[in-house]
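With the numbering used here applied, the sequence shown covers 164 to 474.
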Amino acid sequence: MASGRACILCGSTEQSILYRERGQQTHRTIEYRISEPIGRARHGTIVKCNVCGLVFLEELPHDGQRAYRELSDPEYHSENESRTQIFKQLLSSIESDHFPHNSGARKLLDIGCATGTLLRVASEHGWIASGVEPSRWAVDMIEAPLRENVFLGTFEDTSFPDDTFDLVVLWETLEHIEDPSATLRKASRILRPGGIIVINIPNIESFWSHLLRDRWWLVEQMHYYYFEPRTIRQLLENSGFSVISIKPFKKTFSLGYLIQKLRDVPVISDFSRSAHVMSKPGRFNVSFNSGQMVVFAYVSQDRMSCQTRVL
Ligand SMILES: [Zn+2]
């Protein structure tokens, strides 16, 4: 079937329905939360491009940007300790793999920085950390000195000079953006030559995605795009990047949070109920591959020619 929205990867309008919409309340104002109840999340109709295989929301919401501005989610902030550990490990590996020589203060931009956990960890690691975040609630949660370097709004509205940053991070962000192609092209401009981009996104070809289909916890109304290794690689190459690696990501949760979340999934609810009996949740952290992937790429030498390429 044909749809009105052109694929951002290949330009085709020929698409097939992958998952029909579920629980959408079209006459109500949409409301976003970061922590959706898994297995029961609402979502719009999700289609797959017949030409390149990119999976995306058939129609972008009319007031998605307003919903992001008004987003608040105390449950998200309660997992801050787990997130701190994740970002410490991430930065340590980036520093040793990509910035082995300490050559003065390096600059990091976290697009979709939420409540500022990565900004805090990065500044503790000696980075000059800046962020972009549309939610006023999230920005107000950021500690005062770090908040000065946070732009309240969308990345599209920022005006960073070219060649500013050594590292751009899109952690659980790119799937929320209306035009990820434009975002990546702009990211490649504001990165210095050889600069690194790190992206954490759901992998629609992951084990849990195939098993749970539209009950997979990463299928939800706030996610506009569902990449897999092949499609994110192509989008990055179209945007002036060369891919270094694409790997599954193990997320660290507190055990109590994970059990509470898993209990909502029909397929594994029995297991999680028995796990609840055997454990004292809340005190332990567990790593769990929930179907996300982490992508590393660097700005390629021919980025200027890539930016002028027309789909
Ligand atoms: Zn396509």
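Virtual Cβ for every residue (Gly too), placed ideally from N, Cα, C.
Item to check | Identified DSSP bridge partners for Tyr389 | outcome: Position 226 of the sequence shown, counted from the first residue, corresponds to residue 389. DSSP output for Tyr389 lists Val218 as bridge partner(s).
Item to check | Expected contact under 8 Å - CB spacing of Ile209 and Leu220 to nearest Å | outcome: Mapped onto the sequence shown, residue 209 falls at position 46. Mapped onto the sequence shown, residue 220 falls at position 57. Contact annotation, Ile209 with Leu220: C-beta distance approximately 6 Å; criterion of less than 8 Å satisfied.
Item to check | Cβ-based neighbour list, Ile407, same chain, cut-off 7 Å, excluding 5 preceding and 5 following | outcome: Indexing the sequence shown from 1 puts residue 407 at position 244. If we look at Ile407 and ignore the five residues flanking it on each side, its Cβ neighbours are Phe459, Ala460, Tyr461.
Checklist entry - Count the other CB atoms within 10 Å of the CB of Ile362; is the residue buried (16 or more) or exposed (fewer)? => result On the sequence shown, position 199 is the one that residue 362 refers to. In the assembly as shown, Ile362 is a buried residue. Its beta-carbon has 16 or more other beta-carbons within 10 Å.
Checklist entry - From Ile291 to Leu381, what distance separates their C-alpha atoms? => result In the sequence shown, residue 291 corresponds to position 128, counting from 1. In the sequence shown, residue 381 corresponds to position 218, counting from 1. Whole-angstrom Cα-Cα distance: 31 Å.
Next on the checklist: At the level of alpha carbons, what is the spacing between Phe451 and Leu281?
Outcome noted: As a first step, residue 451 must be located in the sequence shown, where it is residue number 288. As a first step, residue 281 must be located in the sequence shown, where it is residue number 118. Put simply, the backbone Cα of Phe451 is about 20 Å away from that of Leu281.
Checklist entry - Can you pull the DSSP bridge partners for Arg185? => result The sequence position of residue 185 within the sequence shown is 22, counting from 1. Per DSSP, the beta-bridge partners of Arg185 are His206.
Next on the checklist: Tell me whether Val214, by its Cβ, gets closer than 7 Å to a heavy atom of ligand 1.
Outcome noted: Start at 1 with the first residue of the sequence shown, and residue 214 comes out as number 51. At least one heavy atom of ligand 1 is nearer than 7 Å to the Cβ of Val214, so yes.
Item to check | Alpha-carbon to alpha-carbon, Ile353 and Leu253 | outcome: Position 90 of the sequence shown holds residue 253. Position 190 of the sequence shown holds residue 353. When rounded, the distance between both Cα atoms is 21 Å.
Checklist entry - What does a CB cutoff of less than 8 Å around Cys173 pick up in its chain, not counting 5 residues either side in sequence? => result Reading the sequence shown from its first residue, position 10 is the one you call residue 173. Closer than 8 Å at Cβ, skipping near neighbours: Cys212, Val214, Cys215, Leu217, Leu474.
Checklist entry - Considering only the beta carbon of each residue, do Arg205 and Gln384 sit closer than 8 Å? => result Position 42 of the sequence shown, counted from the first residue, corresponds to residue 205. Position 221 of the sequence shown, counted from the first residue, corresponds to residue 384. A contact, by the Cβ cut-off of 8 Å.
Next on the checklist: Mapping the DSSP letters down to three states, classify Phe318 as helix, strand or coil.
Outcome noted: To locate residue 318, count along the sequence shown from 1; it is residue 155. Reduced to three states, the DSSP call for Phe318 is helix.
Item to check | Any non-hydrogen atom of ligand 3 closer than 7 Å to Ser344 Cβ | outcome: Ligand 3 is not part of this structure, which contains only ligand 1.
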